[in-house]
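Numbering (full-length UniProt numbering), first residue to last: 1 to 156.
All C-beta atoms in this analysis are idealised placements derived from N, C-alpha and C, irrespective of residue type, glycine included.
In what follows, a single structure is set out as structure tokens and then discussed.
So, in structure tokens, the structure goes:
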């Protein structure tokens, strides 16, 4: 079992990537509160550890080349954020078959009831991330995000 802060990192990264993918190619402001939930700074104006961990996850995504942004809005948001080319391609790419079998297309629709183009779309990394977030299972989110982060970039 992963540490809770690592599971929160994967969930924060997943939510951020989904938001950016949904807006692509538009630039958007990516607010920490929209990802990690509301936060009340303490009497000194400092944010909670949870808020700062989410903000750190957003900065890490940028440092690792998955998103770009123009500036930060204090420690509350990334201004004018957008997916990088590599992130867009990675999220749009089909996930490994073992992962899609385990977490992807529901059995009732996988039995050849859908056109191949729809089945292909349902097997992408972004679709698996969306399904995992809807399901709310931290272990599943972590597994799918690991597969997305470690996907072989040579296949794109």
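Whole-angstrom Cβ separation of residue 147 and residue 99, contact assumed at under 8 Å? With a beta-carbon spacing of about 5 Å, residue 147 and residue 99 fall inside the 8 Å limit used to define contacts.
Using the three-state DSSP reduction, which class does residue 58 fall into: helix, strand or coil? In the displayed model, residue 58 falls within a helix according to three-state DSSP.
Endpoints, the beta strand (DSSP E) within which residue 83 is located: Where residue 83 is concerned, the enclosing beta strand (DSSP E) stretches over 77-83.
Tell me the rounded alpha-carbon separation between residue 123 and residue 144. When rounded, the distance between both Cα atoms is 12 Å.
Under the assumption that residue 9 contacts residue 83 (Cβ atoms under 8 Å), give the Cβ distance between them as a whole number of angstroms. Actually they are not in contact, since the Cβ atoms of residue 9 and residue 83 sit about 18 Å apart, beyond 8 Å.
7 Å CB neighbourhood of residue 59 in its chain, flanking five on each side removed: Same-chain partners within the cutoff: there are none.
Pairwise C-alpha distance: residue 3 and residue 18: Cα-Cα distance, rounded: 23 Å.
Looking at the strands, I want to know which residues DSSP matches up with residue 24. According to DSSP, residue 24 bridges with nothing at all.
So, for residue 141: in the same chain, excluding its five sequence neighbours on each side, which residues have a beta-carbon less than 6 Å away from its beta-carbon? Non-local C-beta neighbours of residue 141 in its own chain, meaning closer than 6 Å and more than five positions away in sequence, comprise 10, 11, 14, 132, ordered along the chain.
Does the region 62-71 come close enough to the region 40-50 to have 3 or more Cβ pairs within less than 8 Å? No, they do not touch.
Residue 74 by DSSP, collapsed to three states: which one? Note: residue 74 maps to coil in three-state DSSP.
Using alpha carbons as the reference points, say which of 97, 88, 51, 29 lies closest to residue 71. Measuring from the Cα of residue 71, the nearest candidate turns out to be 29.
What do you get for residue 150, buried or exposed, if any count of 16 or more other CB atoms within 10 angstroms of its CB means buried? Under the 10 Å beta carbon count, residue 150 is surrounded by fewer than 16 other beta carbons and is classified as exposed.
Contacts around residue 92, its chain only, beta-carbon distance under 7 Å, and the 5 residues preceding and following it disregarded: Taken in chain order, the residues that qualify are 124, 126.
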